[in-house]
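Chemist:
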């Protein structure tokens with residue numbers, strides 16, 4: 002599919018920019034991907050790529066201190082990854098990171114109360130990610146990795 | 021002037037031959053011939069799957085039969101191909117049954133092989149997904165434990181670490197070690 006090929010190219014451009022620590026240049030192609038035209042019907046694979054792109058955008062924005070937009074990216078990604086999949090779990094993992102960094106920034110700027118709230122949000126998001134990914138692993142491997150099977 | 025009777029007979033035979041050839045139409049081009057040969061080869065392969073008796077017929081007889089079938093009605097029909105005759109012959113039943121069993125056995129082996137390959141591919145894909153989820157889980161647990169301050173939060177951290185430990189064991193038992201992360 003042409004769209005997936007385009008998505009790979011844009012992520013590659015982001016990789017190149019990220020390697021040079023040019024975060025703004027890494028964000029631009031990813032924004033182009035999430036705001037651009039999407040294939041008709043939006044197949045599951047497209048939704049997953051977009052959700053993953055939002056997660057990456059959120060990580061990049063967190064690195065430059067743009068926490069509010071990072072959280073909005075997480076929200077947008079979660080709207081695309083509604084099922085309990087790796088992608089949803091990864092978005093919660095990134096949300097944990099966003100709120101953690103936000104909490105640290107708030108602490109430094111003398112706002113302990115807001116920092117505490119952000120830290121609690123980070124905790125909740127990270128725990129949600131752990132639970133989701135645990136579920137994904139169990140569902141993916143089924144009996145293959147269960148302790149009972151190994152002991153047989 | 022007296023005519024030589026032998027020469028007259030020869031000329032008559034040549035004239036008859038030319039008339040017969042003109043009814044068959046132009047000679048096939050070399051390219052057409054190549055195509056016809058390759059088609060025949062393909063057909064022969066296909067026929068050998070569906071009816072191995074074709075290989076026992078005269079080479080090319082089926083090709084000419086099909087050309088004859090496509091010709092205008094004025095053209096005399098070509099003799100029935102030996103393959104078709106063989107298929108209808110009562111004696112063709114016994115070898116066909118044997119061949120059908122052999123073909124079935126071959127197809128069964130191919131099906132088993134395809135199933136095995138599918139299982140391997142599915143297992144590889146599942147392990148890649150499980151490893152990716154485990155990576156994410158480990159990063160999230162790290163976060164939880166870095167953030168933990170109160171006794172309750174430290175308990176949560178310990179519990180999450182146990183959870184990731186069990187998941188790691190589950191993945192290792194099904195997939196072995198996960199590949200090192202590139203990013």
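Protein chains in written order, with my numbering: chain A, 2 to 153; chain B, 21 to 203. We put the CB at the ideal spot given by N, CA and C, even for glycine.
#1: Inspect the beta-carbon positions of residue 14 of chain A and residue 35 of chain A and report whether they are closer than 9 Å.
#2: Return the chain-ordered ranges of every alpha helix (DSSP H) run that is complete within the region 145-201 of chain B and spans a minimum of 4 residues.
#3: State yes or no: is the beta carbon of residue 146 of chain B nearer than 9 Å to at least one beta carbon in chain A?
#4: Of all the alpha helix (DSSP H) runs that stay within the bounds of the region 54-90 of chain A, which reach a length of 4 or more residues?
#5: CB-CB under 6 Å to residue 49 of chain A, same chain, minus the five flanking residues each way: which ones, in chain order?
#6: Counting only Cβ pairs nearer than 8 Å, list the residues of chain B close to residue 91 of chain A.
#7: How is residue 7 of chain A classed by DSSP in three states: helix, strand or coil?
#8: Answer with yes or no whether the minimum CB distance from residue 167 of chain B to chain A is below 9 Å.
#9: In whole angstroms, give me the CA-to-CA distance for residue 126 of chain A and residue 97 of chain A.
#10: Could you check how far apart the C-beta atoms of residue 147 of chain B and residue 195 of chain B are, in whole angstroms? I think they sit under 8 Å.
#11: Does the distance from the CB of residue 180 of chain B to the CB of residue 165 of chain B come in under 9 Å?
#12: With burial defined as no fewer than 16 other Cβ atoms inside 10 Å of the residue's Cβ, what is the status of residue 60 of chain A: buried or exposed?
#13: In chain A, what lies closer than 7 Å to residue 141 of chain B by C-beta?
#14: Using a Cβ cut-off of 7 Å, pull out every chain B residue sitting near residue 1 of chain A, in sequence order please.
#15: For residue 97 of chain A, name the three-state secondary structure that DSSP assigns.
#16: Taking the alpha carbon of residue 92 of chain A as the reference point, which residue from A/5, A/38 and A/55 has its own alpha carbon closest?
#17: Would you say residue 87 of chain A lies against chain B (beta-carbon separation less than 9 Å)?
#18: Determine the contact status of residue 138 of chain A and residue 154 of chain B, defining contact as a CB-CB distance below 9 Å.
Modeler: By the coordinates alone:
#1: Not closer than 9 Å, so no.
#2: Entirely contained in the region 145-201 of chain B, the alpha helix (DSSP H) runs reaching 4 residues are, in chain order, 171-195.
#3: So yes, residue 146 of chain B belongs to the interface.
#4: The qualifying runs are 68-81.
#5: Only 88 meet the Cβ criterion.
#6: Within chain B, the residues near residue 91 of chain A are 156.
#7: Residue state, collapsed to three classes: helix.
#8: Taking 9 Å as the CB threshold, residue 167 of chain B lines the interface with chain A.
#9: Each residue's Cα considered, the two are about 5 Å apart.
#10: At roughly 4 Å, the Cβ-Cβ gap stays under 8 Å, so residue 147 of chain B and residue 195 of chain B are in contact.
#11: The criterion of a C-beta distance shorter than 9 Å is satisfied by residue 180 of chain B and residue 165 of chain B.
#12: With 16 or more other Cβ atoms from the protein chains shown falling within 10 Å of its own Cβ, residue 60 of chain A counts as buried.
#13: Within 7 Å Cβ-Cβ: nothing; residue 141 of chain B doesn't reach chain A, min ~14 Å.
#14: In this structure chain A extends from 2 to 153, so residue 1 of chain A is not present and cannot be described.
#15: When DSSP states are grouped into helix, strand and coil, residue 97 of chain A belongs to the helix group.
#16: For the residues A/5, A/38 and A/55, the minimum Cα distance to residue 92 of chain A belongs to A/55.
#17: It does; some Cβ of chain B falls within 9 Å.
#18: Yes, these two residues count as a Cβ contact at 9 Å.
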